[in-house]
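I have placed the structure first, in the form of structure tokens, so that the comments after it can refer back to it.
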Amino acid sequence: MKEQEQPLYVKHYRYEGKKAALYIVAENQMKEWLLYGTNSKMIEWIAEGQILFDRNEYMAQLKNEVRDFPFQERKVKIGAEFSKLIRRYLAGKDFFKQGQYLDAYNHMIHALHHLARLAVIENGFHPEITVWNQVKQIDLQIFKLYEELVTSEESLEKRLELLFLASEFLIYSRTPLGTQHLLEIMEQKEDWTIDELLSHPCLKPYSIDLTVLLEFLIEKNMIEEVAVPTKGPEIYHCHYRAVKKH
């Protein structure tokens, strides 16, 4: 639907002992789900579902979009997924250093899930709800890291220690591709305030993960902090700019 008050309207029906659901979705909501990947079930329905009625071939075009997964759309999803991965990975590392192994485990499970989704997107596919079945076919190394963390008989501390050693290269080797979208936007002008970045419409998918990603990229010398004087003595605004490639 192009125009409706609610972005999503759901009805449940029962007929001959079977239950069915009717979903009426606003076009903007559908585009948001496709771009941000926030409703895997809906994407699966579009990709695998049978079209019974299609006015103006809208659903057929939508199925083609999901199947083709255009590069620009992929780039946005890769950036957003990478920012989530970095936030979870760094939080897990901090908890591990503090000896908080259960919290570290929780964050690293999420980090591996984002790494798995990233691998799927890089290969031109939409992540499904059963993402680990996809990853087993696409990147066995990531699948084995997850399997070892979950099923190994080693102590939790040892499992996490081995995971950090093994996953560091996998994560950091994805930095150029994972940050391409953000850096391309930042190169559009000299420097940015944090508010300008957070409110940029193209960076909406990054949400709260953006600030953590910025600090990570400063550490990697891919972004630099710029001190801009304020009216107060020895107080500066922090601006950010992409480091020029030589």
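Mapping of the sequence shown onto numbering that gives the first Met the number 0: position 233 corresponds to residue 232, and the numbering continues sequentially without gaps. Where is the CB? At the ideal position from N, CA and C, for every residue including glycine. Everything numeric in this text was worked out from a predicted model, so none of it was measured.
Closest to residue i by C-alpha separation, out of the options, would be which residue?
i, options, result
"L176", "A103, M221, K96, D194", "M221"
"I128", "S39, H238, T192", "S39"
"F70", "V149, H180, E224", "H180"
"I170", "T192, E147, I141", "I141"
"E4", "S166, E233, N27, H11", "N27"
"F95", "I207, I234, E160, I23", "E160"
"E121", "I45, E15, T178", "T178"
"A90", "C201, E15, D208, Y35", "D208"
"S166", "K135, A115, W191, E153", "A115"
"I283", "T229, K243, S206, N63", "The question about residue 283 has no answer, for the chain in this structure spans 0 to 245."
Mind checking which residues open and close the beta strand (DSSP E) that includes residue i?
i, result
"Y12", "7-14"
"V211", "Run containing V211: none in the beta strand (DSSP E); it sits in the alpha helix (DSSP H), 208-218."
"P204", "Where P204 is concerned, there is no enclosing beta strand (DSSP E), given that its DSSP letter is neither H nor E."
"E223", "222-228"
How many Å lie between residue i and residue j at the Cα?
i, j, result
"E43", "S151", "32 Å"
"S82", "R13", "42 Å"
"M185", "K17", "52 Å"
"S198", "L213", "15 Å"
"Y145", "K157", "14 Å"
"Y239", "L196", "9 Å"
"D93", "A241", "26 Å"
"I137", "E147", "18 Å"
"Q187", "V227", "19 Å"
"D67", "L61", "10 Å"
"Y100", "A110", "15 Å"
"I50", "E183", "38 Å"
"E223", "V130", "35 Å"
"F168", "R54", "49 Å"
"M107", "P232", "43 Å"
Is the separation between the beta-carbon of residue i and that of residue j shorter than 8 Å?
i, j, result
"V119", "P204", "no"
"H113", "E80", "yes"
"L33", "V9", "no"
"I77", "F215", "no"
"Y88", "L155", "no"
"G123", "R73", "yes"
"I193", "T210", "yes"
"H11", "A20", "yes"
"V149", "D190", "no"
Determine, for residue i, whether the minimum Cβ-Cβ distance to residues of chain D falls below 8 Å.
i, result
"A165", "The structure shown contains no chain D; it is built from a single protein chain."
Where do the ends of the alpha helix (DSSP H) carrying residue i lie?
i, result
"K30", "26-35"
"E43", "39-47"
"I193", "193-197"
Practice task
Entirely within the segment 131-189 and at least 3 residues each: give me those beta strand (DSSP E) ranges in chain order.
Solution key: none
Problem - Complete runs of the alpha helix (DSSP H) confined to the segment 52-121 [at least 4 residues] - result: 57-67, 70-96, 100-121
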